[in-house]
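Engineer: This structure is in structure tokens; I'll ask about it shortly.
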Amino acid sequence: MSEEKNKQAPIHLSKSDIERAFKKVEEFKRLTERGKTPQKIFEDLTRLVEVNE
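Sequential numbering of the sequence shown, starting at 1035, is according to the numbering used here.
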């Protein structure tokens, strides 16, 4: 059982996945340089995905 538990599925990344992640990091750096804190960025993102009932 321990052998099965240690075996993981391979992770497949495409070039577009890496480019998208790189752009998100650049955007995050740009926002922090403008004075936003990581907490404020997170709050803004969660506000975007909130569902109004």
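All residues carry an ideal CB built from backbone N, CA and C; glycine is no exception.
Tell me whether Val-1085 sits in a helix, a strand or coil according to DSSP, three-state version.
Structural biologist: The answer is coil: DSSP assigns Val-1085 none of H, G, I, E or B.
Engineer: Compare the beta carbon distance of Pro-1072 and Thr-1066 with 9 Å and say whether it is the shorter of the two.
Structural biologist: yes
Engineer: Thinking Leu-1075 and Phe-1056 are a contact (beta carbons under 8 Å), I'd like their distance in whole angstroms, please.
Structural biologist: For the record, residue 1075 in the displayed sequence is Ile; it is not Leu. With a Cβ gap of about 17 Å, Ile-1075 and Phe-1056 do not count as contacting.
Engineer: Can you tell me whether Ser-1050 is helix, strand or coil according to DSSP?
Structural biologist: helix
Engineer: What's the gap between the Cα of Lys-1041 and the Cα of Leu-1047?
Structural biologist: 19 Å
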